[in-house]
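Chains as they are written, first to last, in our numbering: chain A, 2 to 289; chain B, 7 to 310. Where is the CB? At the ideal position from N, CA and C, for every residue including glycine. Since we're looking at a predicted model, the values are computed, not measured.
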């Protein structure tokens with residue numbers, strides 16, 4: 002039971018991270034290997050705002066989310082857009098270029114964080130009294146983080162499925178070639194999709210900072226987990242990513258409690274391997 | 007034929023250099039040879055096919071760690087053989103599970119592979135053998151290591167040159183250009199990629215094994231340093247990953263730059279390297295050698 006509750010809480014954060022990544026890859030077609038670094042940047046931002054400015058984390062998140070959107074907007078405009086332009090008419094070129102460019106970005110961001118915050122593990126204590134959930138004592142900060150992820154994730158689903166903007170985003174994700182025919186500015190929508198994904202990464206990072214210790218070297222692990230969830234759920238599949246995120250959180254908590262916390266990444270990879278061999282189109286994806 | 011003679015003469019000259027070099031210069035030479043070997047071996051697969059492998063250090067570290075585990079129980083050549091076999095086995099495992107699918111899965115898998123291997127070894131050492139960190143005591147001088155590394159670099163470049171002339175090389179280039187076309191012209195995609203990836207990864211594992219005695223003390227955090235993967239990719243790209251001599255042209259200046267940066271800016275050098283990497287992707291996407299060819303073509307036309 003403890004595993005179930007804690008796993009679901011962890012899974013909520015993973016699902017949110019994966020949603021952001023699936024937006025960036027599905028809509029903007031950018032494979033962002035620096036995604037985990039953006040997440041960590043937001044996490045450090047929250048700690049900084051909390052410790053030096055004394056801002057309560059819940060207020061800080063309200064600031065961090067738009068800051069994430071702005072960061073994504075700038076990254077897309079100045080870094081990704083030239084790559085997109087260069088790759089028009091050359092299939093596969095954008096994928097390779099974006100992988101390489103964001104791989105470089107990863108080291109830049111990681112280097113900046115190491116200089117600013119050092120390589121030590123960081124955490125804050127905020128609302129860590131226990132709350133009884135279904136007979137399990139869960140720290141309040143975890144529950145709040147879970148609620149944030151749930152609100153952001155469900156909000157996104159509603160937005161994508163029932164608003165005009167969501168319709169446009171989905172149109173570009175589905176057929177970027179035909180979207181201009183119905184008057185959609187693909188460049189603008191891609192930028193919005195990328196920025197929205199970055200904002201989700203920032204919210205995810207900020208909620209991780211509320212209940213977990215982390216260090217400037219953890220970026221690769223976050224990116225990896227988000228990527229694996231996206232693949233499990235099927236690329237561009239929002240509901241699939243949510244479900245896969247919860248599944249991964251559960252498996253990871255189970256492995257950490259019954260076997261060894263040092264084996265969680267191995268468990269993640271094992272799932273990845275199983276998905277690749279059994280259903281490479283994702284657990285919830287359709288065969289193309 | 008003349009090219010081959012020049013290359014062999016260069017190799018002989020490089021082999022004689024350590025007889026006159028100081029201890030510090032010899033260290034630099036070993037570093038350069040290491041990265042020439044790594045970048046060339048990396049380009050053997052990734053340069054031709056456009057399948058970006060981000061797992062260089064996963065194999066490199068595995069090679070080094072194999073030596074650390076086995077150096078007291080087996081003779082040195084047998085240790086190297088074991089390292090090569092383990093590297094090849096790992097490459098087959100990764101390749102079989104990802105190379106049948108689209109390239110993105112391969113990139114993602116290799117992206118996390120180094121971290122996975124590092125965590126697995128750490129877990130094994132801490133909870134099963136109870137020791138973290140091992141010593142390597144081998145009776146090898148710096149010169150021996152340099153000669154071995156030089157030989158590996160020569161093998162990597164020689165093997166690339168040879169493969170370029172065979173059907174395998176043609177198939178790899180076809181895959182790099184357009185996989186659908188390659189499949190329609192009868193190329194067995196998965197097998198071709200698997201062979202090249204395994205060759206490349208085995209070489210990288212051997213580089214790690216040969217380099218390891220320089221450390222003396224080895225632990226997972228030291229040998230699985232992500233900077234190695236990063237440097238290898240940027241070196242091959244800077245020179246031109248699909249050229250025979252491209253990785254060498256990129257590796258030597260970047261290694262010296264890296265040495266200088268890491269001595270003078272020990273904290274901030276990753277930022278500079280990252281920016282340099284992005285700059286290479288934007289300004290010289292096909293490498294310096296291709297850039298030079300472009301310039302020559304432009305000036306040649308103007309001359310006429």
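According to DSSP, simplified to helix, strand and coil, what is residue i?
| i | result |
| --- | --- |
| residue 244 of chain A | helix |
| residue 270 of chain A | helix |
| residue 289 of chain A | Confidence in residue 289 of chain A is poor, its pLDDT being 45 and thus under 50, which makes the residue's placement unreliable; the coordinate value appears in the next sentence. Coil at residue 289 of chain A, not helix or strand. |
| residue 277 of chain A | helix |
| residue 26 of chain B | coil |
| residue 57 of chain B | coil |
| residue 310 of chain B | Because residue 310 of chain B carries a pLDDT of 47, less than 50, the predicted location of this residue cannot be relied on, and no value is offered for it. |
| residue 78 of chain B | coil |
| residue 114 of chain B | helix |
| residue 199 of chain B | helix |
| residue 32 of chain A | coil |
| residue 260 of chain A | coil |
| residue 94 of chain A | helix |
| residue 274 of chain B | coil |
| residue 184 of chain B | coil |
| residue 99 of chain A | helix |
| residue 247 of chain B | coil |
Just to confirm, is the Cβ distance from residue i to residue j under 8 Å?
| i | j | result |
| --- | --- | --- |
| residue 158 of chain B | residue 80 of chain B | no |
| residue 27 of chain A | residue 246 of chain A | no |
| residue 110 of chain B | residue 96 of chain A | yes |
| residue 47 of chain A | residue 29 of chain A | no |
| residue 229 of chain B | residue 142 of chain B | no |
| residue 219 of chain B | residue 151 of chain B | yes |
| residue 263 of chain A | residue 125 of chain B | yes |
| residue 188 of chain B | residue 177 of chain B | yes |
| residue 108 of chain A | residue 37 of chain B | no |
| residue 123 of chain A | residue 260 of chain A | no |
| residue 167 of chain B | residue 119 of chain B | no |
DSSP has residue i in a bridge; who is on the other side?
| i | result |
| --- | --- |
| residue 141 of chain B | B:223 |
| residue 1 of chain A | Since the first residue shown for chain A is 2 and the last is 289, residue 1 of chain A is missing from the structure and cannot be characterised. |
| residue 215 of chain A | A:123 |
Using C-beta distances below 7 Å, list every residue in its chain close to residue i, excluding the 5 sequence neighbours before and after it, in chain order.
| i | result |
| --- | --- |
| residue 90 of chain B | 208, 211, 212 |
| residue 170 of chain B | 250 |
| residue 154 of chain A | 16, 17, 20, 243 |
| residue 127 of chain B | 71, 226 |
| residue 268 of chain A | 252, 253, 256 |
| residue 305 of chain B | none |
| residue 161 of chain A | 167, 170, 171, 239 |
Just tell me which of the options has its CA closest to the CA of residue i.
| i | options | result |
| --- | --- | --- |
| residue 204 of chain A | A:66, A:222, A:112 | A:66 |
| residue 230 of chain A | A:108, A:271, A:255, A:209 | A:271 |
| residue 274 of chain A | B:230, B:284, B:106, B:239 | B:106 |
| residue 58 of chain B | B:268, B:29, B:252, B:238 | B:238 |
| residue 31 of chain A | A:202, A:192, A:114 | A:192 |
| residue 217 of chain A | A:115, A:93, A:256 | A:115 |
| residue 14 of chain A | A:262, A:86, A:256, A:210 | A:210 |
| residue 164 of chain B | B:300, B:293, B:47 | B:47 |
| residue 23 of chain B | B:39, B:8, B:11, B:10 | B:39 |
| residue 153 of chain B | B:18, B:7, B:297, B:11 | B:18 |
| residue 283 of chain B | A:45, A:86, A:80, A:101 | A:101 |
| residue 26 of chain B | B:66, B:8, B:149 | B:149 |
| residue 42 of chain A | A:219, A:56, A:280, A:141 | A:219 |
| residue 99 of chain A | A:34, A:199, A:150 | A:34 |
| residue 52 of chain A | A:126, A:265, A:241 | A:126 |
| residue 33 of chain B | B:286, B:290, B:262 | B:262 |
Looking only at its chain, what residues have a beta carbon closer than 8 Å to the beta carbon of residue i, apart from the 5 residues adjacent to it on each side?
| i | result |
| --- | --- |
| residue 137 of chain B | 131 |
| residue 310 of chain B | At residue 310 of chain B the pLDDT is 47, less than 50, meaning the model places this residue with poor confidence; the figure from the coordinates comes in the next sentence. Cβ within range, chain order: n/a, list empty. |
| residue 82 of chain A | 188, 192 |
| residue 8 of chain B | none |
| residue 264 of chain B | 237, 275, 279 |
| residue 77 of chain A | 29, 31, 191, 192, 195, 196 |
| residue 201 of chain A | 17, 18, 20, 21, 24, 69, 153, 157 |
Can you give me the Cβ contacts of residue i inside the same chain, cut-off strictly under 6 Å, excluding the 5 residues immediately before and after it?
| i | result |
| --- | --- |
| residue 104 of chain B | 111, 112, 115 |
| residue 60 of chain B | 116, 117, 235 |
| residue 203 of chain B | 51, 97, 101 |
| residue 4 of chain A | 254, 255, 258 |
| residue 158 of chain A | 239 |
So if I threshold CB-CB distances at 9 Å, which residues from the segment 270-289 of chain B count as touching chain C?
Going by chain labels, chain C is absent from the structure shown, which instead holds the protein chains A and B.
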